[in-house]
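Here's the structure, in structure tokens; my notes come after.
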Amino acid sequence: MKIGFVIKEATSDYFYFVINPKERDKITVGSLVKIIINDVPYYAIVEDIKSEAIEEDRLINFEAIEIVYDKIGKKLFILRGKGIFIGCLRDNKVLPEKPKTPPLPGDDVLLAEYEEIKKIYSFETDYTIPFGKIFVSDKEYTVDLSIKNLIIRHTGIFGITGSGKSTAVANLVYELSKKNIPTLIFDIHRDYILSFQNPIIITFSERDREYIESLLKERGKNGRVYTAKLDIKILNDYMEILGINRESMPHVANLLSELLSKARINTIFDLLKFLDERKNVENLIKNYGDKEIDRLANSLKSRIKKIYDWRLFPRDARDFGEDLRSLLDNLIRKITDMEGILEGEIVRNGDEISIRRENTEYRNIIIIDLYPLSIEEQRILIDILLERLYNKYKELKFEGKADILTIVIEEAHRFVSREAKDTSAKVSLIAREGRKFGLGIILVSQIPSSILDSVISQLNTFILLKMINPRDLEFIKKTCPYLSKEYFEALTKLETGKALVVGLAPKNPAIVKIIKNVDVGGTEEDIERSIEKRVKLLREN
Numbered sequence: 001m002k003i004g005f006v007i008k009e010a011t012s013d014y015f016y017f018v019i020n021p022k023e024r025d026k027i028t029v030g031s032l033v034k035i036i037i038n039d040v041p042y043y044a045i046v047e048d049i050k051s052e053a054i055e056e057d058r059l060i061n062f063e064a065i066e067i068v069y070d071k072i073g074k075k076l077f078i079l080r081g082k083g084i085f086i087g088c089l090r091d092n093k094v095l096p097e098k099p100k101t102p103p104l105p106g107d108d109v110l111l112a113e114y115e116e117i118k119k120i121y122s123f124e125t126d127y128t129i130p131f132g133k134i135f136v137s138d139k140e141y142t143v144d145l146s147i148k149n150l151i152i153r154h155t156g157i158f159g160i161t162g163s164g165k166s167t168a169v170a171n172l173v174y175e176l177s178k179k180n181i182p183t184l185i186f187d188i189h190r191d192y193i194l195s196f197q198n199p200i201i202i203t204f205s206e207r208d209r210e211y212i213e214s215l216l217k218e219r220g221k222n223g224r225v226y227t228a229k230l231d232i233k234i235l236n237d238y239m240e241i242l243g244i245n246r247e248s249m250p251h252v253a254n255l256l257s258e259l260l261s262k263a264r265i266n267t268i269f270d271l272l273k274f275l276d277e278r279k280n281v282e283n284l285i286k287n288y289g290d291k292e293i294d295r296l297a298n299s300l301k302s303r304i305k306k307i308y309d310w311r312l313f314p315r316d317a318r319d320f321g322e323d324l325r326s327l328l329d330n331l332i333r334k335i336t337d338m339e340g341i342l343e344g345e346i347v348r349n350g351d352e353i354s355i356r357r358e359n360t361e362y363r364n365i366i367i368i369d370l371y372p373l374s375i376e377e378q379r380i381l382i383d384i385l386l387e388r389l390y391n392k393y394k395e396l397k398f399e400g401k402a403d404i405l406t407i408v409i410e411e412a413h414r415f416v417s418r419e420a421k422d423t424s425a426k427v428s429l430i431a432r433e434g435r436k437f438g439l440g441i442i443l444v445s446q447i448p449s450s451i452l453d454s455v456i457s458q459l460n461t462f463i464l465l466k467m468i469n470p471r472d473l474e475f476i477k478k479t480c481p482y483l484s485k486e487y488f489e490a491l492t493k494l495e496t497g498k499a500l501v502v503g504l505a506p507k508n509p510a511i512v513k514i515i516k517n518v519d520v521g522g523t524e525e526d527i528e529r530s531i532e533k534r535v536k537l538l539r540e541n
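Using full-length UniProt numbering, the first residue of the sequence shown is number 1, and each one after it goes up by one.
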């Protein structure tokens, strides 16, 4: 179907075209159009559509404009679009070729047909997941992503706050789960704890566990929630978090190391109680005077008190939880062995018990609830778990049990930056070598320019939502090899929930409306419901 004509300038990368106003409901940003050049169809993404008045500059005042638009009723305007070439069709094969010579003004611009769209965006394999929709001629077409390239070739999801990043993540995780591909999410804002059926959620206090379980019950969701803790002795490897530098404060560092080596030190309360007894300290650090012992003990106590309210470590004997590292090992073992993760309807027939398979769902989504933790706790936790996952999947590979795991890191700029050296090193390691062992990362951020270049350079799929910050745009332009300059104008104009997808996971670049199969927390709809609830309560009173 002809939608319009080429106008104004055109190059081998892009062209402008005028749209037949009678057909304007059949085309939108992201639609696929084509131009025939030398009998070869070349396809282009519609990057922009705008309407322009063509005679208003000749009208001297409002009354003159009113006569033309209202009384005469003839609107003098054109609908203008911009297309970006993505490839052509030769010998029934889609090739990433652009025209050697640009189209000419007056050349027909046609809507792509169903079979053409299918060839451009569909894979000849089942190992894909649907991600978004494009609209052409009153119909929607699904754009799929390659599971392998999405995960182990690593992905970045970037866009401003409120652009739809969480929706993109939730859809990816949901679709991966349906294909029995496991995912571990570091959930900063509790965006995902209510998004899926049968998630495994790890939080860090009994109060948080009970709260999350009540939310799951309220929303009719199944899920298993664990309370977990890290061994207090791990602090020996993270003294800098306490403000203790081994070089400038060797005696305080030595005191803490000796203290943590004591078998009966299991909680933060134990640490403080031990330091309250001078004899205990004297037995640990000998050959010091009384004043020096008091100074060292008080210095260490003041630092430990700052983390007393942390939830990552046991505070006292009543603050309990499973050992996080052992819990994660056990969950990964069950996922890789597919043992004990099936949740189905139990059917009893006399003494026989079986599981009705058609109602079976996999528990293959692990959500680490970082919401209650401070930024320092979050960094310690991510550093420890990433190292453990890397070593575990490396071990599985050498045992001949290679498997795959998607790791989603929200607010990636917090953990993959110059300020977060430990976590940055672990993410960088997985980005460089994780694919060998089935580990893939999805980094999510509204400030991609704060993420280390060396990590961004390892990403091979980019899901880009609306971006307006010049620094972020320039950073993406510099680090993303899949984007030509023509795409950058599109990024500043994208609607909420639309994304430009480029790289190895899509068969070809696309601007899509992200499929929304599950709800996420922290959306504007949540805020609107809160406002409505408060206004209604005020009226009732």
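Virtual Cβ for every residue (Gly too), placed ideally from N, Cα, C.
The structure presented is a predicted model; accordingly, all values stated were derived computationally and were not measured.
Would you kindly report the start and end of the unbroken beta strand (DSSP E) that includes residue 431? Per DSSP, residue 431 belongs to no beta strand (DSSP E); it is in the alpha helix (DSSP H), 421-433.
From residue 193 to residue 281, what distance separates their C-alpha atoms? 44 Å
Roughly how many angstroms separate the alpha carbons of residue 318 and residue 227, rounded to a whole number? 13 Å
Rounded to whole angstroms, what is the Cα-Cα separation between residue 215 and residue 441? 28 Å
Three-state class that DSSP yields for residue 444 in the structure shown: strand
Could you name the residues of the same chain whose beta carbon sits closer than 6 Å to that of residue 456, not counting the 5 residues immediately before and after it, in chain order? 479
Would residue 520 and residue 512 qualify as a contact pair, given that the criterion is a beta-carbon distance under 8 Å? no
Please determine, among 46, 114 and 41, the residue with the shortest C-alpha to C-alpha distance to residue 91. 41
Extent of the continuous alpha helix (DSSP H) run through residue 474: 470-479
Run the CB neighbour count on residue 300, radius 10 Å, all protein chains shown included, and call it buried at 16 or more, exposed below. buried
Note down the Cα distance separating residue 320 from residue 229, rounded to an integer number of angstroms. 7 Å
Spatial neighbours of residue 77 in its chain, beta-carbon cut-off 7 Å, leaving aside the 5 residues before and after: 51, 52, 53 and 54
Limits of the beta strand (DSSP E) - the one that residue 101 falls within: Counting along the chain, residue 101 falls outside any beta strand (DSSP E), and DSSP gives it neither H nor E.
Where residue 276 falls: helix, strand or coil (DSSP): helix
Express the C-alpha separation of residue 532 and residue 328 in angstroms, rounding to a whole number. 41 Å
Assigned exposure category for residue 364 - 16 Cβ within 10 Å defines buried: buried
Here's the rule I'm using: 16 or more other beta-carbon atoms within 10 Å means buried, otherwise exposed. How should residue 222 be labelled? exposed
Classification of residue 85 by the beta-carbon crowding that lies within 10 angstroms, buried from 16 upward: buried
Return the chain-ordered list of same chain residues with a C-beta closer than 8 Å to the C-beta of residue 283, the five sequence neighbours on each side being excluded. none
Reduced DSSP category for residue 8 - H, G, I as helix; E, B as strand; rest coil: strand
Quick check on the DSSP output: the beta strand (DSSP E) that includes residue 405 runs from which residue to which? 405-409
Taking DSSP's pairing of strands, which residues face residue 228 in a bridge? 322
From residue 376 to residue 146, what distance separates their C-alpha atoms? 35 Å
Would you decide whether residue 351 is buried or exposed? Buried here means 16 or more other CB atoms lie within 10 Å of its CB. Note on residue 351: pLDDT 43, under 50, position unreliable in the model; the coordinate value appears next. Residue 351 is exposed by the Cβ-count criterion.
Would residue 188 and residue 201 qualify as a contact pair, given that the criterion is a beta-carbon distance under 8 Å? no
For residue 289, is the classification buried or exposed, using 16 other Cβ atoms within 10 angstroms of its Cβ as the cut-off for buried? exposed
Alpha helix (DSSP H) runs wholly inside the segment 152-228, at least 4 long, in chain order: 165-178 and 206-218
Residues sharing a beta bridge with residue 82, DSSP: 16 and 48
So, is residue 175 buried or exposed, given that buried needs 16 or more other C-beta atoms within 10 angstroms? buried
In three-state DSSP terms, what is residue 507? coil
Alpha carbon of residue 165 to alpha carbon of residue 135, nearest angstrom: 21 Å
Bridge-paired residues (DSSP) for residue 53: 77
Decide if the segment 408-422 is in contact with the segment 441-453; the criterion is three or more beta carbon pairs, one per stretch, under 8 Å apart. yes
In this structure, what does DSSP give as the bridge partners for residue 498? 513
Host alpha helix (DSSP H) of residue 562 (start-end): With the chain covering only 1 through 541, there is no way to say anything about residue 562.
Buried or exposed: residue 95, going by 16 or more other Cβ atoms within 10 Å of its Cβ? exposed
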